[in-house]
Amino acid sequence: MTGYVLRRALQAAAVLLAITAAAFGLFYAAPSDPALIACGPKCDTGQVEAVRHSMGLDQPLATQYADYLRGLVAGRTISDVDGTPIDCAAPCLGYSYTLHQPVLDAIGDRFPVTLSLAGGALAVIVVLGVGVGFAAALRRGTATDRLLSGFTLVGASVQIYFLGYALQYLLVYTTDLFPVPGYAPFGDGPGAWAAGLLLPWLVLGFVNAAVFARLARSQMLETMHEGYVRTARGKGMSALHAHLKYTGRGAAAPLVQLLGLEAGALFGGAFITETVFGLGGVGKLAVDAVVQNDLPTVVGTVLLAAFFVVLFVALADLVVAWLDPRVRLA
Amino acid sequence: MTSALHTDPAPAPAPEASPDTVLRVRDLTVSFGGRGRSVTAVRGLSLDLARGEVLGLVGESGSGKSTVGLAAMGLHDAARTTVGGSVTVGGTEVVGAPDSAVRALRGARIAMVFQDALAALSPFHSVLEQLAEAYRLHHRAAGRAEARERARAMLDRVGIPAARARDYPHQFSGGMRQRVMIAIALVNSPDVLIADEPTTALDARVQRQVLALLAELREESGTAVLLITHDVGVVAATCDRMLVMRGGEAVEQGPTEKLLHHATHPYTRALIGAAPTLDTVPGTRLPTVDDPEPAAGTGPVAVPEGAAGAGAGTAAARRPAAGPGSAGTAPGREAAAARAGRRGPLASGGGSAADPGSAGTAPGQAAVPGRRGPLTGGGGPVAEPAGAVLAEVADLHVSFGGRRSLLGRRAEPVRAVRGVSLRVGTGETLGLVGESGSGKSTTARVLAGLQRPTSGSVRFDGRDIARAAVDTRLRRALSRDVQLVFQDPYASLNPRRTVEESVTLPLRVHTDLDAAARRDRAVELLEQVGLSADQLGRYPHEFSGGQRQRVGIARALALRPRLIIADEPVSALDVSVQAQVLNLLMDLRDELGLSLLFVSHDLAVVRHFCDRVAVMRAGTVVESGPRDEVFDDPKAAYTRELLAAAL
Chain E
1 MTGYVLRRAL QAAAVLLAIT AAAFGLFYAA PSDPALIACG PKCDTGQVEA
51 VRHSMGLDQP LATQYADYLR GLVAGRTISD VDGTPIDCAA PCLGYSYTLH
101 QPVLDAIGDR FPVTLSLAGG ALAVIVVLGV GVGFAAALRR GTATDRLLSG
151 FTLVGASVQI YFLGYALQYL LVYTTDLFPV PGYAPFGDGP GAWAAGLLLP
201 WLVLGFVNAA VFARLARSQM LETMHEGYVR TARGKGMSAL HAHLKYTGRG
251 AAAPLVQLLG LEAGALFGGA FITETVFGLG GVGKLAVDAV VQNDLPTVVG
301 TVLLAAFFVV LFVALADLVV AWLDPRVRLA
Chain D
1 MTSALHTDPA PAPAPEASPD TVLRVRDLTV SFGGRGRSVT AVRGLSLDLA
51 RGEVLGLVGE SGSGKSTVGL AAMGLHDAAR TTVGGSVTVG GTEVVGAPDS
101 AVRALRGARI AMVFQDALAA LSPFHSVLEQ LAEAYRLHHR AAGRAEARER
151 ARAMLDRVGI PAARARDYPH QFSGGMRQRV MIAIALVNSP DVLIADEPTT
201 ALDARVQRQV LALLAELREE SGTAVLLITH DVGVVAATCD RMLVMRGGEA
251 VEQGPTEKLL HHATHPYTRA LIGAAPTLDT VPGTRLPTVD DPEPAAGTGP
301 VAVPEGAAGA GAGTAAARRP AAGPGSAGTA PGREAAAARA GRRGPLASGG
351 GSAADPGSAG TAPGQAAVPG RRGPLTGGGG PVAEPAGAVL AEVADLHVSF
401 GGRRSLLGRR AEPVRAVRGV SLRVGTGETL GLVGESGSGK STTARVLAGL
451 QRPTSGSVRF DGRDIARAAV DTRLRRALSR DVQLVFQDPY ASLNPRRTVE
501 ESVTLPLRVH TDLDAAARRD RAVELLEQVG LSADQLGRYP HEFSGGQRQR
551 VGIARALALR PRLIIADEPV SALDVSVQAQ VLNLLMDLRD ELGLSLLFVS
601 HDLAVVRHFC DRVAVMRAGT VVESGPRDEV FDDPKAAYTR ELLAAAL
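Each protein sequence line maps, in turn, to chains E and D. Everything in the first sequence is counted per UniProt numbering, starting at 1 for the first residue and increasing by one. Everything in the second sequence is counted per UniProt numbering, starting at 1 for the first residue and increasing by one.
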């Protein structure tokens with residue numbers, strides 16, 4: 001077990017290293033000059049060169065990459081455009097000359113929003129997706145099944161920017177049924193926090209729950225006819241009890257795996273949802289950085305998203321192994 | 001045949017509505033599917049099971065026997081199944097009763113053991129938990145500790161050591177798992193145990209042990225057993241009475257001894273005689289049931305008595321010297337009858353019914369004269385095994401696994417084959433027999449060029465073929481001469497290819513015959529295996545299991561190979577179909593002078609079909625020699641054990 005965790009951690013580190021290398025390559029592949037952007041449009045050639053030197057961009061690529069990695073692990077000192085040293089503590093993701101703050105700080109400012117949004121949406125996904133899927137499977141072939149399956153099809157086919165704006169218009173601005181969406185820090189009171197995020201949670205959750213519901217339904221239907229479910233009923237267990245205890249467990253593994261991927265993706269930021277509801281999360285930060293050629297921030301957010309995907313996929317594997325003793329952690 | 005399940009004299013069949021009847025089935029009809037298309041699996045079945053009695057419910061696949069068991073448990077999916085008639089367990093009606101009422105019976109008064117214990121046990125819970133759960137469901141007042149105590153005692157009773165109670169099903173062997181399954185079924189001392197093919201997936205020795213355990217427990221508790229099986233041998237060894245089912249209906253029922261020796265219904269006789277036993281005269285034609293798919297409302301099945309003449313006579317006569325030790329084998333029925341006199345009850349139907357199905361091969365044979373020439377180089381029916389060696393392995397070792405993983409320790413490799421040496425002579429059939437995990441299939445795969453040996457030499461016709469599994473050209477050259485027949489005729493034919501496409505594929509790969517010539521050859525092949533030319537355009541799903549296996553055999557014959565490797569070619573088939581396919585293989589071998597490597601776990605089938613036999617255990621050959629030597633005078637203790645375990 002310990003060996004497994006260690007191996008997985010090393011694998012994760014390798015994956016992240018590959019991603020930093022790929023993202024770092026962006027600096028050079030992208031048709032833009034970080035020094036020019038950092039310096040601003042009014043700089044002359046000499047000033048740009050000075051900036052280039054102070055940013056270390058005139059160093060060989062390998063040196064810069066090594067500096068970046070060292071910053072990640074041990075922190076480093078970065079020069080601002082005018083040469084003032086900026087202390088960037090580990091894990092240093094670089095300095096954004098657009099935002100005039102270290103990338104990690106920029107992410108840190110927005111991460112609570114992303115964390116709140118992703119966490120709530122995941123809860124909605126699990127409850128709605130698994131609940132609807134299981135209910136449909138238990139009543140397969142009936143009107144309930146068709147209704148629930150149709151419901152999930154709507155979720156799978158509708159776009160967030162449509163559903164989000166439509167619901168906002170109908171439920172918030174026309175009827176006043178929901179509070180105005182927005183982010184209030186959890187520390188300022190859980191009530192306001194939850195109220196502001198309620199609609200974003202439901203929308204993001206519903207759209208993503210559709211895939212879950214469909215997978216949960218088909219997994220359930222497949223597992224329902226397993227011998228061990230029949231054995232449980234043969235012991236005198238009620239059908240519902242047997243399905244909850246045995247079918248549910250048998251159907252869980254692919255759902256957990258998918259949930260791991262989903263969680264990884266959501267914690268990396270949900271740009272569309274954030275935009276629709278005016279939430280300043282990591283997704284919006286990342287897209288803004290791309291638009292503004294803010295390469296340090298782009299690399300930082302890409303790395304963050306990759307980190308969460310790797311983390312949650314590994315967690316999902318552990319959960320699957322815990323659920324099914326036949327799974328060997330290797 | 002000794003009776004393992006009971007030592008007391010058999011209780012008389014229960015009279016109508018006797019208070020002693022624990023399971024009473026009347027006019028049971030079960031049909032699946034609604035909305036117009038429905039299939040009736042069981043039609044008007046009635047049976048009584050008295051306290052402590054063992055009733056064998058015998059039938060081939062599709063006979064409805066398992067459906068009866070599930071209906072007795074009330075376990076059918078109500079939404080898709082219509083159950084009519086009456087099933088009472090200890091006086092309580094099951095059919096149409098509310099779920100809560102049936103639930104009170106299930107696991108308490110009536111319990112079930114399924115064929116595949118690995119599938120039937122939860123992979124997520126320890127065996128102790130699963131057993132304790134079965135107890136607690138019917139002892140609501142019992143605490144967890146009490147249930148565990150009770151579960152431990154039960155595990156101990158079925159021979160699972162306490163130290164293993166917290167292990168999971170996948171950590172146990174097949175026999176141990178079935179013991180757990182039995183423990184779960186019997187933990188609440190039910191009146192009725194429904195055992196659906198409880199030992200079918202097990203090796204013969206383990207089957208013996210499990211049946212003996214069932215018998216002991218039955219005697220202790222007085223639980224009546226409804227034993228559902230396709231295997232007449234199991235019934236003969238364990239049941240007081242038997243009921244033969246076919247096409248959803250009861251064909252015949254009565255005391256086991258009576259049915260085994262003096263069945264009135266021809267289907268019963270055919271079923272009993274279809275499987276070769278260790279007393280059947282080797283190489284004789286096996287009796288088969290005339291039509292493989294019974295029509296709805298089957299009447300008596302005509303199995304012409306005494307029509308065995310030509311078929312059986314030639315089959316036995318064709319190999320006068322089939323192996324050095326068998327010179328005394330007399331052809332025809334007299335020998336069968338003579339041997340039947342001194343053998344067990346199972347043989348009573350032996351060697352008498354003709355097989356119109358495979359009789360269809362006779363015209364096919366006549367239509368292709370001179371076939372033997374090009375294939376065998378004019379060789380006689382049987383070459384001396386010691387003579388021309390066609391294929392051989394020497395000191396073969398095959399290991400699997402043992403790869404090093406990232407940061408991982410090197411896993412211990414599985415040594416599947418450890419020093420096997422075998423020879424298949426030209427025109428000879430070598431039987432490779434062993435239990436599961438003995439390495440027999442791996443050895444066969446090496447000879448087929450599908451598995452690279454870890455060490456040792458592999459030769460076909462003098463040529464080194466050890467690298468065939470990794471050398472495409474060598475493998476391709478080898479496959480002209482070596483073809484395979486597989487166990488599962490459902491999995492081994494591409495469902496999207498017509499029979500013609502499947503059968504002619506080897507010709508397309510290996511010959512430059514044009515489409516017309518390939519078709520001609522396909523027609524010839526189908527006729528050879530007892531199918532007809534108009535079936536060329538059909539797809540596998542339109543055929544029964546036995547017909548599919550015939551297609552598989554036709555495909556293997558397409559290139560006129562010099563060696564056919566058949567890995568359990570009949571073990572997935574019903575006994576009557578198995579008899580047809582074995583008869584066909586014997587005909588073809590005779591007609592074409594084939595050399596065969598025949599892999600099987602079934603001693604009786606190997607004895608019936610093979611010239612020489614090699615017995616494998618744990619990757620080594622423990623004994624090999626001419627058939628009669630191995631079977632009549634086994635040298636290895638393990639061989640004797642296997643023979644003793646065969647039912």
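By construction, the Cβ of each residue, glycine as well, lies at the ideal position given by its N, Cα and C atoms.
{"query": "In chain order, which beta strand (DSSP E) runs of at least 3 residues are fully inside the region 91-163 of chain D?", "result": "110-113"}
{"query": "Opposite E/MET55 in the DSSP bridges: which residues?", "result": "E/MET55 pairs with nothing; no bridge assigned."}
{"query": "On the criterion of 16 or more Cβ atoms from any shown chain inside 10 Å, does D/ALA275 qualify as buried, or is it exposed?", "result": "buried"}
{"query": "So, helix, strand or coil for D/ALA201, using DSSP?", "result": "coil"}
{"query": "Would you mind sorting D/THR238 into buried or exposed? The rule is 16 or more other CB atoms within 10 Å of its CB.", "result": "buried"}
{"query": "For the alpha helix (DSSP H) that E/LEU202 lies in, which residues bound it at each end?", "result": "190-224"}
{"query": "Straight-line CA distance for D/ARG627 to D/ALA566?", "result": "18 Å"}
{"query": "Please state whether the Cβ-Cβ distance between D/ALA236 and D/THR256 is less than 8 Å.", "result": "yes"}
{"query": "With burial defined as no fewer than 16 other Cβ atoms inside 10 Å of the residue's Cβ, what is the status of E/VAL310: buried or exposed?", "result": "buried"}
{"query": "With a threshold of 16 other CB atoms inside 10 Å of the CB of E/SER116, please say whether the residue is buried or exposed.", "result": "buried"}
{"query": "Taking CB distances under 8 Å as the criterion, tell me whether D/HIS138 reaches chain E.", "result": "yes"}
{"query": "Report the three-state DSSP secondary structure of D/TYR539 (helix, strand or coil).", "result": "coil"}
{"query": "Would you identify the three-state DSSP class for D/THR264, choosing helix, strand or coil?", "result": "coil"}
{"query": "Of all the CB atoms in chain E, is at least one closer than 8 Å to the CB of D/MET73?", "result": "yes"}
{"query": "Whole angstroms are fine: how far does the CA of D/HIS541 sit from the CA of E/ARG214?", "result": "30 Å"}
{"query": "Look up D/SER86 in the DSSP assignment and give the residues it is bridged to.", "result": "D/ARG26"}
{"query": "Quick check: the Cα distance between D/ALA579 and D/PRO287, rounded to an integer number of angstroms?", "result": "7 Å"}
{"query": "What does the Cβ neighbour count give for D/GLU220, buried or exposed, with the cut at 16 atoms within 10 Å?", "result": "exposed"}
{"query": "How about E/ALA249: is its C-beta nearer than 8 Å to some C-beta of chain D?", "result": "Note that residue 249 of chain E corresponds to Arg in the displayed sequence, not to Ala. Closer than 8 Å: yes."}
{"query": "Just the C-alpha distance for E/LEU303 and D/ASN188, rounded to the nearest angstrom, thanks.", "result": "59 Å"}
{"query": "Helix, strand or coil: how does DSSP classify D/GLU501 here?", "result": "helix"}
{"query": "Nearest to D/THR280 by alpha carbon, out of D/VAL622, D/LEU603, D/ALA120, D/THR620?", "result": "D/LEU603"}
{"query": "In chain order, what residues of the same chain lie with their CB nearer than 6 Å to the CB of D/GLU392, ignoring the 5 residues before and after it?", "result": "ARG423, ARG459"}
{"query": "Ends of the beta strand (DSSP E) at D/MET586?", "result": "Note, D/MET586: premise wrong, no beta strand (DSSP E); alpha helix (DSSP H) at 575-592."}
{"query": "Relative to the alpha-carbon of E/VAL154, which residue among E/VAL203, E/PRO112, E/ASP324, E/ASP33 has its alpha-carbon at the smallest distance?", "result": "E/VAL203"}
{"query": "Measuring only the C-alpha atoms, how far is D/THR40 from D/THR29?", "result": "7 Å"}
{"query": "Is the beta carbon of E/GLY205 less than 8 Å from the beta carbon of E/ILE125?", "result": "yes"}
{"query": "Start and end of the beta strand (DSSP E) containing E/THR77?", "result": "76-79"}
{"query": "Is E/TYR228 close to chain B? Criterion is C-beta to C-beta, closer than 8 Å.", "result": "The structure shown contains no chain B; its protein chains are E and D."}
{"query": "Assuming D/HIS265 and D/GLU252 are in contact, meaning their beta carbons sit under 8 Å apart, how far apart are those beta carbons, in whole angstroms?", "result": "4 Å"}
{"query": "List, from N- to C-terminal side, the alpha helix (DSSP H) runs of 4 residues or more that fit wholly inside the region 544-570 of chain D.", "result": "545-557"}
{"query": "Using beta-carbon positions only, say whether D/ASP191 and D/VAL22 come within less than 8 Å of one another.", "result": "yes"}
{"query": "If you reduce the DSSP assignment to three classes, tell me which class D/ILE465 lands in.", "result": "coil"}
{"query": "Of all the options D/THR498, D/LEU396, D/MET245, which has the alpha carbon lying nearest to the alpha carbon of D/GLY64?", "result": "D/MET245"}
{"query": "Going by the beta-carbon positions, is the gap between D/VAL127 and D/ALA165 smaller than 8 Å?", "result": "yes"}
{"query": "For D/THR223, is the classification buried or exposed, using 16 other Cβ atoms within 10 angstroms of its Cβ as the cut-off for buried?", "result": "buried"}
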